[in-house]
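Asker: Respectively, the protein sequence lines represent chains A and B.
Under the numbering used here, the residues of the first sequence are numbered 1 to 183, in order.
Under the numbering used here, the residues of the second sequence are numbered 1 to 183, in order.
Note that the Cβ used here is the ideal one computed from N, Cα and C, for glycine as well.
These numbers were taken from a predicted model, which means no experiment stands behind them.
2 protein chains.
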Amino acid sequence: MARKSRTKYAILGMLDQKEMCGYDMIQKIKGFINNFWSESHGQLYPTLAKLLKEELITCITPEEMRPTIKSPKVYKITSKGRKVLHEWLELPIETLQSPRNELLLKLYFSGKHDTKGSIAHLEYRKVWAQKRIAYIDTKIAELKAKKKTGPSQELTLLVLEHGLMMRKTEIEWCNKAVKVLKK
Amino acid sequence: MARKSRTKYAILGMLDQKEMCGYDMIQKIKGFINNFWSESHGQLYPTLAKLLKEELITCITPEEMRPTIKSPKVYKITSKGRKVLHEWLELPIETLQSPRNELLLKLYFSGKHDTKGSIAHLEYRKVWAQKRIAYIDTKIAELKAKKKTGPSQELTLLVLEHGLMMRKTEIEWCNKAVKVLKK
DNA sequence: GGAATCATGTAAGTAGTTACATGATTGA
DNA sequence: TCAATCATGTAACTACTTACATGATTCC
């Protein structure tokens, strides 16, 4: 029954790349990972505790070192955790349906009544998308400036590219929609 | 505190267009509205009860007519409901962040280890997107075949167009990603 | 008569957000 | 010394899905 949380796998995935503490994960989630995923820290910390209990991760900051000066709980993925992660990675992707889109919901329900309002929503969305594009562009430039290339860099680039293409298409569609509404 | 459910507005929006019963709403949600929104009937029915209590909708199938032969509960939006709906429609859209994307999550975490698996995910996504495109194409054709045009038809077309453009971009990106992974 | 679909609801459980709460460290 | 940020956690609450449950109607 019920949906399955993927917080678990997001954590395992991050720890598979590098050992780190909860706070570091939150930074990552608010940073690059935010391009395609989100987690709240109210969900993260309890899940970390659960993963420890399941022995999918270990805390490599020993109990006796804490809470002496500046020692966050650094977590590391276990081989069992790695196995669980890779099994999940190979599983087919479950969420194929297009996600909820509040813009389309509002547009569809208000278009007839209030074209001005709808156009405002669309213009605002365009501004947002443009900001995203500018941000992603600088990120891509930064990444390309680093001479060092590698498989992980290529993946990062792909993710950024995804955001870029989606936002551009969104803007294109918004322009079309505005045209229709103004007509 | 906490997130706000938009089930309420989805219902009001549907009833603003046409009076109908809960079952009809579920059909709509599983049909056209599914292009941009989702609701489960386990969420819908309790929300209908709540809206009745708030007097944003009324049930126009009188109590005494039920449960005689074939009489579903037909709901109608009230003027108060309409007001609440329109106020919400004008409010800025809250959910601007890009939604969770399980494909990108898996790709980002597995790319280095398992390019074959990643490519499989991408190819599967392409198949799905192509099916969606085919479906939307027929819907658009159907709609255009009807000579009758109007504002609501234009909106429907816009929504379908949105899905079309997004899926096409997705395929384009998948192709790019596959190329990078195969390299 | 039996299957599909019409039609409405409730129950149980998970997922998730936000606010509350606390305290250490760093650097201006 | 004060603000920002590092760092971890819990509490309260909402949202949501899926399964359970039931019964009528329609059409073959």
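Please name the residue in K83/B, K80/B, L107/B and Q97/B whose C-alpha comes closest to that of L91/A.
Answerer: L107/B
Asker: Could you tell me the alpha carbon to alpha carbon distance between W128/B and K76/B, rounded to whole angstroms?
Answerer: Their Cα atoms are separated by approximately 37 Å.
Asker: With respect to the alpha helix (DSSP H) encompassing K146/B, which residues constitute its N-terminal and C-terminal limits?
Answerer: Here K146/B belongs to no alpha helix (DSSP H), and DSSP marks it neither H nor E.
Asker: Closer than 9 Å between beta carbons: that is the criterion. Which residues of the region 81-102 of chain B meet it against chain A?
Answerer: Going along the region 81-102 of chain B in chain order, one finds L85, H86, W88, L89, E90, L91, P92, I93, E94, T95, L96, Q97, S98, P99, R100, N101 and E102 with a Cβ nearer than 9 Å to chain A.
Asker: Do you know offhand how far T138/B's Cα is from K30/B's?
Answerer: 17 Å
Asker: Just checking my contact of R125/B with G163/B at CB under 8 Å: how many whole Å lie between their CB atoms?
Answerer: Not a contact, Cβ separation roughly 15 Å.
Asker: With DSSP as the reference, label K4/B as helix, strand or coil.
Answerer: Reduced to three states, the DSSP call for K4/B is coil.
Asker: Would you say the region 18-30 of chain B touches the region 78-85 of chain A, given that touching needs at least three Cβ pairs under 8 Å?
Answerer: no
Asker: Is any beta-carbon of chain B found at less than 8 Å from that of K176/A?
Answerer: yes
Asker: With 16 as the cutoff for other CB atoms within 10 Å, does A120/A come out buried or exposed?
Answerer: exposed
Asker: Taking 8 Å as the threshold (beta carbon to beta carbon), is R3/A in contact with chain B?
Answerer: no
Asker: Is the Cβ-Cβ distance between S38/B and R100/A less than 8 Å?
Answerer: The Cβ atoms of S38/B and R100/A lie closer than 8 Å to each other.
Asker: For Q43/B and I26/B, I'd like the C-alpha separation in whole angstroms.
Answerer: 11 Å
Asker: Contact check, I93/A vs E102/B under 8 Å by CB: the rounded distance?
Answerer: 5 Å
Asker: What separation, rounded to the nearest whole angstrom, lies between the Cα atoms of Y23/A and L56/A?
Answerer: 19 Å
Asker: Taking the alpha-carbon positions, what's the K53/B to L160/A distance?
Answerer: 47 Å
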